[in-house]
Amino acid sequence: MNAIGLGLDTTFDDTSVAILRGVREVLANLTLSQYRDHEEFGGVVPERASRKHLEVIHPLIREALAKAGLDFADLDYIAVSNMPGLLGSLLVGVTVAKALAWSLDKPLIGVNHVESHPYANILASGPWKFPVLHLVVAGGHTLLLRADAHFDYTILGRTVDDAAGECVDKVAKMFGHPMPGGPVVDRYALKVPGDAFAFPRPLLNKPGLEFSFSGLKTAMLRFREQNPNVIRKQEPAVLSSFFQAVVDVLVKKTFRALKSEQLTRLTVSGGLAASQKLRQTFESECTHQGIELCYPPPSLCTDNAAMVACLAAHRYAQGRFDDLSLDAFPNLV
Ligand code: KG4
Ligand code: ZN
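Note that our numbering has the sequence shown beginning at 11, numbered continuously upward.
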């Protein structure tokens, strides 16, 4: 019989609870976003985020169980993201998961949140074949990973400063838009051509697979200060051109990695992958270049506990569990 897992994700400002049967059958996947709770502060306030997680996590677990028509006793394992993220937020999920694993006497599985993003693709379209290239474009991380098997990775490239999502959020905020900035910028990019302004494509003219987005953010700050009239009249074209620069860097570096590693399979995941502009660009490039593309629907791109449970289901199958000394780590290790 397929194992049933409870997944918890409290890495940043979303509280998410999922119940998964086997590796793909999502019985519940509930996410409460805190964007509104932090709006007045212009960014996520860590202390407030952990308090909010604490308030909502227990009712959300009960709601997920009710939705799945299950009881605590039906769970075979408890999975939780224990890195990376805000320490106080992570600790809420980790502590609840440990308490449940101990009281139910069920295995505990700690999951690296960033590593779990590509697993959204298994939920959406089934298991991938190895070797495969994963591009993860989450709010805080931009990574190119080569996977030769589950949990057997080589990091080919990562950002040396800001992640792409972080850059998009900060530039949108600079232009007066509320968090998260990605959906706003994506809407402009779909409506208006992105070739009116030539913004920098950091590190694209240098060899290698590292990313850098802080220079682009600074270029946008300077452009905004020096061209108030252009911004007033042509903000959609400016933001669309900015996003085109981000998309160009992500797509071109990804294809550079596919070529240098001689890979023909690609998955894209993470919150920024919810962008329709990014999806359309990858879809047409992959068709053109004969690359097999896995791309999850937007609801599985942004943070959710189903992807955490999906990764954990693969660990459960291998009998690789954690003990109650499982700790939370703010950084990617
Ligand atoms: O993966 P994620 O939900 O959280 C982290 O793990 O960090 O990613 C959040 C990022 C933010 O930069 C947000 O602006 C972006 O995903 N995002 C989007 C969309 N929805 C969220 N970007 C473009 N289009 C969207 N629809
Ligand atoms: Zn994420």
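Using N, Cα and C, we set each Cβ at its ideal position, and we do this for glycine too.
Residues that DSSP places opposite residue i in a beta bridge
| i | result |
| --- | --- |
| C311 | BP columns for C311 are empty, so no partner. |
| N122 | M93 |
| D196 | Per DSSP, none; premise fails for D196. |
| Y87 | G15 |
| R168 | L153 |
| L40 | V27 |
| C320 | The partner list for C320 (beta bridge, DSSP) is empty, contrary to what the question assumes. |
| E35 | R31 |
| Y163 | A157 |
| R275 | E302 |
| H144 | L155, T277 |
| F221 | T169 |
C-alpha distance - residue i paired with residue j, whole-angstrom precision
| i | j | result |
| --- | --- | --- |
| V278 | Q244 | 31 Å |
| E57 | L101 | 12 Å |
| D333 | T105 | 12 Å |
| Y26 | V66 | Reading off the sequence, residue 26 comes out as Ser, not Tyr. Spanning the two alpha carbons is a distance of roughly 10 Å. |
| P69 | A28 | 13 Å |
| F339 | V240 | 44 Å |
| F185 | Q254 | 17 Å |
| L145 | G204 | 22 Å |
| S135 | Q236 | 47 Å |
| L40 | V54 | 21 Å |
| A315 | V248 | 35 Å |
| G191 | G32 | 35 Å |
| H324 | S251 | 41 Å |
| G150 | K77 | 31 Å |
| D337 | G95 | 13 Å |
| S222 | L80 | 46 Å |
| M317 | L16 | 11 Å |
| K201 | P193 | 13 Å |
| Y198 | F233 | 18 Å |
Proximity of residue i and residue j at Cβ, strictly below 9 Å
| i | j | result |
| --- | --- | --- |
| N122 | N92 | yes |
| R275 | E295 | no |
| L133 | R34 | yes |
| L260 | A174 | yes |
| Y305 | A283 | yes |
| A143 | A157 | Contrary to the premise, residue 143 reads as Leu rather than Ala in this sequence. Result yes, Cβ atoms of L143 and A157 sit closer than 9 Å. |
| D24 | Q44 | yes |
| K369 | V257 | The structure shown does not extend to residue 369, since the chain is modelled only from 11 to 343, so the question has no answer here. |
| P141 | E293 | no |
| L219 | G167 | yes |
| P238 | G225 | no |
| G52 | K183 | yes |
| L153 | T169 | yes |
| A59 | G120 | no |
| D345 | S126 | Within the shown structure, residues of the chain are numbered from 11 to 343, placing residue 345 beyond reach of any answer. |
Any non-hydrogen atom of the ligand KG4 within 8 Å of residue i CB
| i | result |
| --- | --- |
| C7 | The requested residue 7 is not part of the displayed model; the chain covers only 11 to 343. |
| S285 | yes |
| E176 | yes |
| D24 | yes |
| G280 | yes |
| G204 | no |
| C257 | One point to set straight first is that residue 257 is Val, not Cys, in the sequence displayed. Flag unset: Cβ of V257 not near the ligand KG4. |
| G191 | yes |
| P308 | yes |
| H151 | yes |
| D337 | no |
| H48 | no |
| H144 | no |
| T21 | yes |
| L260 | no |
| L133 | no |
| V240 | no |
| V318 | no |
| L40 | no |
| H123 | yes |
| L288 | yes |
| V343 | no |
| D115 | no |
| V248 | no |
| V195 | yes |
| D171 | no |
| H298 | no |
| H187 | no |
| H63 | no |
| H127 | yes |
| D162 | no |
Min CB distance residue i to chain C below 9 Å
| i | result |
| --- | --- |
| L334 | The structure shown contains no chain C; it is built from a single protein chain. |
Check your reading: residues with Cβ closer than 5 Å to the ligand ZN heavy atoms = A148, D313
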